[in-house]
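The next block holds one structure in the form of structure tokens; read it before the comments.
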Amino acid sequence: MLDENFNEDNPFEKDYLKKVGELDKARLIEMLPKKVIEDLYMKIYIKNVLAQK
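Per the numbering used here, the very first residue in the sequence shown carries number 2; after that it's consecutive.
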């Protein structure tokens, strides 16, 4: 399961995400607590905003 230490730039974790099917990803998201999902979206959002500068 994804946690605070999840790093999408890590090749192993990137590879793991590729192996997880779309259905499994949807199930995984359903199982995650709302707070974890919000934190993940915020991390991705901040990363994208910083990348634009």
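Each residue gets a CB set at the ideal place from its N, CA and C atoms; glycine is no exception.
- I30 is a Cβ neighbour of I38, given a cutoff of 9 Å.
- Here the alpha carbons of Y42 and N49 stand approximately 10 Å from one another.
- In its own chain, leaving out the 5 sequence neighbours on each side, no residue places its CB closer than 8 Å to the CB of K36.
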